[in-house]
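The sequence shown: position 94 = 158 (the numbering used here), numbered continuously.
Glycine included, each C-beta is placed from N, C-alpha and C at the ideal position.
In this text, all values refer to a predicted model and were calculated from it rather than measured experimentally.
Everything below concerns the one structure shown next.
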Amino acid sequence: MASPSRVESKAMRFFRAAEPLLERFGYRKTTVEAVCRAAGMSKRTFYQLFSDKHDLVLQWLAAVVNDMTDSWEASLSPEMDPLARLHSFLDLYARMAREHPAMQAMFEDFDLMRLFGERTEELRMVRMGGPLDRILRDGVAAGQFRPLDPRAAMWVMFGVLDTMYLLMPRVMNAPGPLDDPVLANETKLFIVRGLGAIGDVPLNSRARD
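Shown next, in the form of structure tokens:
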């Protein structure tokens, strides 16, 4: 029986092979055969690790989200307040989209969005939901954000981010925040202001003023 490290190493070879193919050709035109050929691995090995192409992409996405979120959390300073951590979280999302443009392959058409939608959100919420929930709750407690429902706010935030960074460039063939700094800043401000934060001034401080 293969050790977990060997299985992970084989999976990573498939991930590294699949990502540029997904970015270049999209999900539908990327075949298991092409991924195996690029990875220098057999289809038998592929199907020992993944049930199908859909499973490959979901496992790849989980690896990206887990690795980048782990690194981001390790980089946070204890002195950062909730608003600063929120800005950092939004930067994490943008960096994830920039460094892994193959994510747009899941937004090629509405059938694929339905295919990946629920599982994608599950994977993302498992790893990113906890840290974001703490940011939102801490922000409300500190008076930096308005009173809100953290889970509902997270769904709205991810909906805005996915639409602007992944859906709009792919479906509408229009520049997104990754290509337009003004749009990137407006997207971030839209979310920050929507949570009731203006600048770095806590809400309760403004109320006293």
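Alpha-carbon spacing of residue i relative to residue j, whole angstroms
{"i": "Gly223", "j": "Arg183", "result": "15 Å"}
{"i": "Ser135", "j": "Arg188", "result": "15 Å"}
{"i": "Asp226", "j": "Pro239", "result": "14 Å"}
{"i": "Met76", "j": "Tyr111", "result": "14 Å"}
{"i": "Ala81", "j": "His164", "result": "13 Å"}
{"i": "Ala205", "j": "Ala248", "result": "28 Å"}
{"i": "Leu267", "j": "Gly203", "result": "Low confidence applies here, because Leu267 scores a pLDDT of 42, under 50, leaving its location unreliable and the question unanswered by this model."}
{"i": "Thr251", "j": "Met218", "result": "15 Å"}
{"i": "Asp116", "j": "Asn237", "result": "29 Å"}
{"i": "Leu94", "j": "His118", "result": "According to the sequence provided, residue 94 is Thr. The question's Leu does not apply to it. Each residue's alpha carbon lies about 11 Å from the other."}
Beta-carbon proximity of residue i to residue j, cut-off 7 Å
{"i": "Leu120", "j": "Phe171", "result": "no"}
{"i": "Gln208", "j": "Ala166", "result": "no"}
{"i": "Ala169", "j": "Leu86", "result": "yes"}
{"i": "Met192", "j": "Thr133", "result": "yes"}
{"i": "Tyr91", "j": "Leu176", "result": "yes"}
Nearest to residue i (by Cα), restricted to the options the options
{"i": "Ile255", "options": "Arg162, Phe114, Tyr157 and Leu122", "result": "Tyr157"}
{"i": "Val220", "options": "Gly258, Asp202 and Pro233", "result": "Gly258"}
{"i": "Gln123", "options": "Val246, Met177 and Glu186", "result": "Glu186"}
Check your understanding: Does the count of Cβ pairs from the stretch 149-160 and the stretch 96-113 closer than 8 Å reach three?
Key -> no
Point to revise | Touching by the beta-carbon criterion (3+ pairs, under 8 Å), the stretch 133-146 and the stretch 195-203 | key: yes
Review point. Touching or not, the stretch 121-131 and the stretch 69-86, by the rule of three or more beta carbon pairs under 8 Å?
Key: yes
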